[in-house]
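Student:
There are 2 protein chains.
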Amino acid sequence: MELQLQIKMNPKLFLRDPEQSVLGRSIIQHSINMIHKIGFEDFTFKKLAQEIGTTEASIYRYFENKHRLLTYLLAWLWTWMEYQLVYHTNNVPSPEARIRLILKLLTFQLPDLFTFQHIDRSRLFQIAIMEGSKPYLTKHVTEDNKNHLFKPYKDLCARIAGIFIEYNPDYPYPRSLSSTLLEMVHYQYFFRNNLPSLTDFGKDKDYSGVNRFLEHLIFSALKNKGTLSKK
Amino acid sequence: MELQLQIKMNPKLFLRDPEQSVLGRSIIQHSINMIHKIGFEDFTFKKLAQEIGTTEASIYRYFENKHRLLTYLLAWLWTWMEYQLVYHTNNVPSPEARIRLILKLLTFQLPDLFTFQHIDRSRLFQIAIMEGSKPYLTKHVTEDNKNHLFKPYKDLCARIAGIFIEYNPDYPYPRSLSSTLLEMVHYQYFFRNNLPSLTDFGKDKDYSGVNRFLEHLIFSALKNKGTLSKK
DNA sequence: CACATATGATAGTATTACTATCACATTAAA
DNA sequence: TTTAATGTGATAGTAATACTATCATATGTG
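Protein sequence lines correspond, in order, to chains A and B.
Each residue of the first sequence is one higher than the one before, counting from 8 in my numbering.
Each residue of the second sequence is one higher than the one before, counting from 8 in my numbering.
1) Drop a sphere of 10 angstroms on the beta-carbon of B/Lys141, count the other beta-carbons inside from all chains shown, and report buried for 16 or more, exposed for fewer.
2) Do A/Tyr180 and B/Ser190 have their beta-carbon atoms positioned less than 7 Å apart in this structure?
3) Report yes or no: do three or more beta-carbon pairs, one from the segment 11-27 of chain B and one from the segment 99-112 of chain B, lie closer than 8 Å?
4) Within 10 Å of its beta-carbon, does B/Pro159 have 16 or more other beta-carbons around it, so buried, or fewer, so exposed?
5) State the DSSP-derived secondary structure class of B/Thr61, mapped to helix, strand or coil.
6) Buried or exposed, going by whether 16 or more other CB atoms sit within 10 Å of the CB of A/Val207?
7) DSSP state of A/Phe132, grouped into three classes?
8) Under 7 Å between C-beta atoms, does A/Gly60 make it to chain B?
9) The segment 100-114 of chain B: which residues have C-beta closer than 8 Å to a C-beta of chain A, in chain order?
10) Sort A/Thr78, A/Asn231, A/Asn97 by Cα distance to A/Leu144 and report the nearest one.
11) Contact between the segment 64-81 of chain A and the segment 29-47 of chain A is defined here as three or more beta-carbon pairs at a separation below 8 Å; is this criterion met?
12) Throw me the rounded Cβ distance for the A/Val192 and A/Leu221 pair, which I believe falls under 8 Å.
13) Can you confirm whether A/Ala228, when its beta carbon is compared against all beta carbons of chain B, has any partner nearer than 7 Å?
14) What residue from A/Trp85, A/Lys54, A/Thr61 has the CA that sits closest to A/Lys73's CA?
15) Any Cβ of chain A within less than 7 Å of the Cβ of B/Asp213?
16) Using the beta-carbon count (16 or more within 10 Å), is B/Leu224 buried or exposed?
17) Tell me whether A/Thr61 counts as near the ligand ZN, meaning its Cβ is closer than 6 Å to at least one heavy atom of that ligand.
18) Leaving aside the five residues before and after A/Met88 along the sequence, list all residues of the same chain whose C-beta is less than 6 Å from its C-beta, in chain order.
19) Short of 7 Å in beta carbon distance, which residues of its chain neighbour B/His37, apart from the five on each side in sequence? Order them along the chain.
20) When you compare only the Cα positions, how much space is there between A/Tyr90 and A/Glu150?
21) Within this structure, are the beta carbons of A/Ile34 and A/Ile14 separated by less than 7 Å?
22) Let me make sure I understand the geometry here. Which of B/Ile106, B/Leu84, B/Val99, B/Leu205 has the alpha-carbon closest to that of B/Phe123?
23) Measuring only between beta-carbons, confirm whether A/Met191 sits less than 7 Å from chain B.
24) Is the CB of A/Ile132 under 7 Å away from at least one CB in chain B?
25) If we cut at 7 Å on Cβ distances, does B/Ser183 have a partner in chain A?
26) Please determine, among A/Val148, A/Gly216, A/Ala228, A/Val217, the residue with the shortest C-alpha to C-alpha distance to B/Leu202.
27) Please confirm whether B/Leu76 has its beta-carbon closer than 7 Å to some beta-carbon of chain A.
28) Does A/Leu268 get closer than 7 Å to chain B when you measure Cβ to Cβ?
29) Under 7 Å, Cβ to Cβ, is there at least one residue of chain A near B/Ser129?
30) In terms of alpha-carbon separation, which member of A/His95, A/Phe132, A/His125 lies closest to A/Ser28?
31) What does the alpha-carbon distance come out to for the pair A/Lys238 and A/Glu26?
32) Could you check whether A/Ser185 and B/Ala228 sit closer than 7 Å to each other, using their CB atoms as the reference points?
33) By how many angstroms is the C-alpha of B/Phe132 removed from the C-alpha of A/Ile136?
34) Tell me the DSSP secondary structure of A/Asn40 in three-state form.
35) By a C-beta neighbour count over all protein chains shown, 10 Å radius and 16 as the cutoff for buried, is A/Thr62 buried or exposed?
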């Protein structure tokens, strides 16, 4: 069985829906490859147009600018993540087990359910590590937020927070813990790869160190039910 | 008593030392104001030159580009933070008390020791919240790291990690916990101000919520000595 | 067949991110 | 005190970036 999932995106993210045309899908596909390869700062619509054999003007018909395109790509990833989360944790009664699954999902260690022809999720995941916070770390974050551009990210955060609360209904910071988890997955990966002295994973061959660290962090916080003693 | 501290910066961070001239200090002062006001993306050397009554070319004599200037400003802040940390935790024997002091320092709740005429630390702190990760979230992070541009940040991280280890010598992830703390101070502030649903601090008047969350998180992780039970 | 829509082709503008040159003022060295 | 070195201002210029506008053509739809 091969399922094909179409993720419905907020129309504010684009000028013309890239999923509805060959060119649009090509823009998505090649922008992922190119941002992954040269980084978001050096990525331009001109280079992208050359790469896919179209013109700058045509790309501007789909996306207002490259920042919006990046926001689109990451919104897609968060939506996809939430789908995955819901699917994988379905019928898993224990909140603890569900949290462990979330950790695995966020560190990209779960098999995928659907196929997408033009979206390379592995590269998109690498982009999230490197560029994941750039969509909202701007002066126009409030306006973008009003347009619900970050809704997928906030939904994912809220869903994880909800599971934290199931695990321990008294934990007072479920959403902050959830956003901490989401950010730190990427940051610890990034640090491990690029600034390893900021982490403790220097000699690991794989990324299981990040996983263990976060698992320990999350469960420690959630289990520590008492208020902080000022001992 | 009013102490004047001169922070010695890595010469790779600049072309000409901005501390050594009136124009240089003016560049530092006004770039802080301007980046704080309009954000790093919209900030240009041309605008800065107009603001301080000099020319673009003159600013390029001090800094290779605006990215380097931002890296400089944040390197300064991390160095300053480490000075503060050493001073404030001096003669405080209890690691627990020192950790609480670190939290207060990082959330900018400790009085300053030194005066700087041209550096507005409060604005610089705001810049760290918004732009703090941009110096290293680039494709040239490895090269910049080889030039030790991030040494102040890594030193601060290592020092905090050292105190974690004093508190609990068996804790396996001191550096990752330290970098998590450093990043999350800024992110939780940023989220609280701009994307509040990613946090639990919506109704607080001040920032003590961030402080309490991080304190709980850090001590929970450090206190949870046992390996994770797979219960 | 008429009409709307998507794309390509081309052009053009304002801004950004620099680099280069020369003149002048100040300071330091001979 | 002259000479030399240094820092700054003024001006110019270039390549790339980030767009916007216009028109022709192809393709599909009613």
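Beta carbons: idealized from backbone N, C-alpha and C, even for Gly.
These figures come from a predicted structure and were not determined experimentally.
Tutor: Quick look at the numbers:
1) buried
2) Note that residue 190 of chain B is Glu in the sequence shown here, rather than Ser. Contact flag unset, no.
3) no
4) buried
5) coil
6) In the sequence under discussion, the amino acid at residue 207 of chain A is Asp, which differs from the Val named in the question. A/Asp207 should be labelled buried.
7) helix
8) no
9) Glu103
10) A/Thr78
11) yes
12) 7 Å
13) yes
14) A/Lys54
15) no
16) buried
17) What this structure holds is no ligand at all, so the ligand ZN is not there to describe.
18) Leu163
19) Leu55, Glu58, Ile59
20) 26 Å
21) no
22) B/Leu84
23) yes
24) For clarity, residue 132 of chain A is Phe in the given sequence; the question names Ile instead. No, because no Cβ of chain B sits closer than 7 Å to the Cβ of A/Phe132.
25) yes
26) A/Val148
27) no
28) A question about residue 268 of chain A goes unanswered here, because the residues of chain A that appear run from 8 up to 238.
29) no
30) A/His125
31) For A/Lys238, the predicted model reports a pLDDT of 35, less than 50, meaning its position is unreliable and no value from the coordinates is stated.
32) no
33) 24 Å
34) helix
35) exposed
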